[in-house]
Amino acid sequence: MEIAIIGGGITGLTTALSLKKLGINSTVFEQAPKLNEIGAGVWLQPNAVRVLQWLGIEDEVQSQGCKLNKMEITDRHLKPIKKLEESVVSDLYGNQTIAIHRGKLQRILYDHFSKQGSIELNMSFEDLSFEDNKIHVKFQESDISADLVLGADGIHSKVRNALGFPSEYRTTNQICCRGIAKIPLAQELQREGKEAWGNKLRFGFSQLSDETVYFFAVINKEICPAELNSNTLSSLFQDFHPVVLQIIESAPNFHTTELMDLKRLPSWHHSTCCLLGDAAHATTPNMGQGACQGMEDAYHISQLLNIHSSPIEAFKTFEEIRRAKVDYVVNNSWRFGKMAHHPIGQMTLKGIMKITPEGVMSNQMNKLYSIEEF
């Protein structure tokens, strides 16, 4: 069976590696001419860590990242609103969140799969059609035929468009800056993830290594300057804790995007083609679950293709298993992000967080971290 995976990002490579573990071959087609370790950081929560464990690469990922012992939501002075201790940021099996440079994670996945499978770079997807029980895939560079196509080409998926599914986005009216700062954190800030809340502003950060910090800044569009650079970003956060300004000033550059998600699709699959990750259910990053949900998709779709003799049945079961959790993540991430940037909404969230017992919070997080085993 010839499986073509469109997209060589975290979801696509995790899918290819998961299939290979089960003895199923696939080819990854990536539009970039080479794999560059670009991007900012990513927080791999325990559900993603369990996928890494299953693949046998958790230790390698952890060695190139930083395990976080706790997460805190704070005011702008880094005074905690809610501490999420180890019992909350880890799952029932003791797996903790790992912060890692997104490019390093992609490199680990790429290196492991490329030793065993095929990755075709510089392949820009254009269209597909279903012909004689095969899928004809058209790239700018050449054409191929495959038995199955898995679309893992992100929120602006061309595979999704080729299937005729709607690409309707919900915009948050929030701008997000993500970057890597070259700065050591003080001892009391190490191995912690923090998100500081201000008025229509949020700033999150965590250690990646002894000398680097991953950070993100979320700004309401209405107060965002036309040009975002180190100086204008520092000006926006001038009333925050000094370490916030130090991080911004220590970043050589950062990547800016408008936060949005994808409106719920009527289906993730058509015939022998299935969408995965952001191509199927892009979410805002407020729950830190974007990459994690893509990795869960990879685990489930590989297991189901291994179990079912009919790929179409595998795709139907995949959607039945994954829909409820994905909807929960997408909708709650959206609500959280909007409320955190509204005065009344933020006050409400603070009140809820302060009175919610840690045991209740831990139970809620374990539902998020759980993965159906096969």
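Oh and the sequence shown: position 287 is 287 in this note's numbering, straight run, nothing missing.
Where a beta carbon is used, it is the ideal one built from N, C-alpha and C, also for glycine.
1. Residues in its own chain within less than 6 Å of N286 by CB, not counting five upstream and five downstream?
2. Helix, strand or coil for K55, going by three-state DSSP, please let me know.
3. Which residues in the same chain have their Cβ closer than 6 Å to the Cβ of H269, if we skip the five residues on either side of it in sequence?
4. Just the C-alpha distance for A279 and A291, rounded to the nearest angstrom, thanks.
5. Using a 10 Å radius around the Cβ and a threshold of 16 neighbouring Cβ atoms, would you call E372 buried or exposed?
6. What do you get for D327, buried or exposed, if any count of 16 or more other CB atoms within 10 angstroms of its CB means buried?
7. Write down the C-beta distance between G193 and S209 rounded to the nearest angstrom, noting that I regard them as a contact closer than 8 Å.
8. Let me know the secondary structure DSSP gives Y169 once reduced to three states.
9. DSSP three-state label for W268, please.
10. May I ask you to list the residues that DSSP assigns as paired with N220?
11. For T97 and Q45, which I take to be in contact (beta-carbon distance under 8 Å), what is that distance rounded to the nearest angstrom?
12. Would you decide whether H112 is buried or exposed? Buried here means 16 or more other CB atoms lie within 10 Å of its CB.
13. Where DSSP assigns a beta bridge to I98, which residues make up the other side?
14. Determine the burial state of I100: buried for a count of at least 16 other Cβ atoms within 10 Å of its Cβ, exposed for fewer.
15. Using the three-state DSSP reduction, which class does M260 fall into: helix, strand or coil?
16. Identify the continuous alpha helix (DSSP H) that holds F336 and give its terminal residues.
17. How big is the Cα-Cα spacing for A298 and L35?
18. How is K354 classed by DSSP in three states: helix, strand or coil?
19. With DSSP run on the structure shown, which of helix, strand or coil describes Q207?
20. Smallest Cα separation from G154: which of I183, Q187, M260, K200?
So, from the listed chains and residues:
1. S333, F336, G337
2. The question names Lys, but residue 55 in the sequence shown is Leu. Three-state DSSP puts L55 in a helix.
3. F315
4. 12 Å
5. exposed
6. exposed
7. Incorrect: roughly 15 Å between the Cβ atoms, too far for contact.
8. strand
9. coil
10. Q174
11. 5 Å
12. buried
13. L44, K67
14. buried
15. strand
16. 311-340
17. 20 Å
18. helix
19. strand
20. M260
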